[in-house]
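*Asks:* Here the sequence shown is numbered in my numbering, starting from 3 and rising by one per residue.
Backbone N, C-alpha and C define an ideal beta-carbon position, used for all residues, glycine too.
Since we're looking at a predicted model, the values are computed, not measured.
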Amino acid sequence: AAGLIMAADGAAPALPRKLRYAFLLQVAMATAAVLLGGYVSSLLTLRILGERSLHAEAAYFWRERARDPAQMPPNTYLLHGLFVPREGPAQALPAHLRPLPPGLHDLRGAQVLVLVDRQPAGTLYLSYRRPSLERIILWMAAIPALIALLAITVTSWLTYRGAHRLVQPLAWLAAQVRRWDPN
């Protein structure tokens, strides 16, 4: 038992220190896993939430336009829509939207997610403000991540304290054995 407890130089107990390092490594690895998982899930959520929101808004616009041809595209703080009739000029569009084919586009330079939805009546351009969506997702990911990190830290600390109490008698015994004269 003394060989497990004593450090290589025989000066200090090694098991409590190794135990501390093991628990610190556990907390560090769990923290890295939670942060990486939060980052990946926030990227996926941004894509999925943005895409579904834009497609739902486009579907709503087309349903309303079928009932009322004068229906205007949405224009709010988060969502901005532009409609170009089938025969209409594309010059009315901002330059960064003109070359976009139908589909979802992430224009990082313009800080928007853009859905280009082409129908027989024309083309709908819906832009969703990326920073606003990122802020929502940050809060959706940050709070659970902080709770998870707090739980991991508290659980690891309590487990370390319990393990430390279990190892203390061995450390004491090793110190006693170290003081014995082998002769």
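Can we say the region 38 to 53 touches the region 129 to 138, given the rule of at least three CB pairs closer than 8 angstroms?
*Replies:* Taking 8 angstroms as the limit for Cβ pairs, the verdict is that the region 129 to 138 does touch the region 38 to 53.
*Asks:* When burial is assigned at 16 or more other CB atoms within 10 Å of the CB, is Glu62 buried or exposed?
*Replies:* What you label residue 62 is simply residue 60 of the sequence shown in a count that begins at 1. A small correction: the amino acid at residue 62 is Tyr; Glu does not occupy that position in the sequence shown. Tyr62 comes out exposed.
*Asks:* Between Arg65 and Ser129, what straight-line distance do the alpha-carbon atoms span, to the nearest angstrom?
*Replies:* Residue 65 sits at position 63 when you count from the first residue of the sequence shown. Residue 129 sits at position 127 when you count from the first residue of the sequence shown. Those two C-alpha atoms are separated by around 19 angstroms.
*Asks:* Secondary structure at His57, three-state DSSP: helix, strand or coil?
*Replies:* One-based indexing of the sequence shown puts residue 57 at position 55. Three-state result, His57: helix.
*Asks:* How many Å lie between Leu99 and Ser43 at the Cα?
*Replies:* Position 97 of the sequence shown, counted from the first residue, corresponds to residue 99. Position 41 of the sequence shown, counted from the first residue, corresponds to residue 43. Going by the C-alpha atoms only, they are around 28 angstroms apart.
*Asks:* If you check the beta carbons only, do Gly83 and Pro75 fall under 9 angstroms apart?
*Replies:* In the sequence shown, the residue the question calls residue 83 occupies position 81. In the sequence shown, the residue the question calls residue 75 occupies position 73. Their beta carbons are under 9 angstroms apart, which means Gly83 touches Pro75 by this criterion.
*Asks:* If Val86 sits next to Leu95, beta carbons under 8 angstroms apart, how far is it from one beta carbon to the other, in whole angstroms?
*Replies:* As a working mapping, residue 86 is identified with position 84 in the sequence shown. As a working mapping, residue 95 is identified with position 93 in the sequence shown. Rounded, the Cβ-Cβ distance is 7 angstroms, consistent with contact.
*Asks:* Using a Cβ distance threshold of 8 angstroms, determine whether the region 15 to 32 contacts the region 139 to 148, with at least three qualifying pairs required.
*Replies:* With the cut-off at 8 angstroms, the region 15 to 32 and the region 139 to 148 do not touch.
*Asks:* Counting along the chain, where does the alpha helix (DSSP H) carrying Arg180 start and finish?
*Replies:* In the sequence shown, residue 180 corresponds to position 178, counting from 1. 132 to 181 is the span of the alpha helix (DSSP H), which, as asked, contains Arg180.
*Asks:* By the three-class DSSP mapping on this structure, what secondary structure does Arg120 have?
*Replies:* Residue mapping note: residue 120 aligns to position 118 of the sequence shown, counting from 1. Note: Arg120 maps to strand in three-state DSSP.
*Asks:* Would the beta-carbon of Ala60 fall within 9 angstroms of that of Leu117?
*Replies:* Within the sequence shown, numbered from 1, the residue matching residue 60 stands at position 58. Within the sequence shown, numbered from 1, the residue matching residue 117 stands at position 115. Yes, Cβ-Cβ distance for Ala60 and Leu117 is below 9 angstroms.
*Asks:* Apart from the five residues just before and just after Ala165, which ones in its own chain have a Cβ nearer than 8 angstroms to its Cβ?
*Replies:* For the purposes of this step, residue 165 is taken as the residue at position 163 of the sequence shown. Excluding sequence neighbours, Ala165 sits near Leu21, Phe25.
*Asks:* Can you pull the DSSP bridge partners for Asn77?
*Replies:* By one-based count along the sequence shown, residue 77 stands at place 75. Answer is His82, bridged to Asn77.
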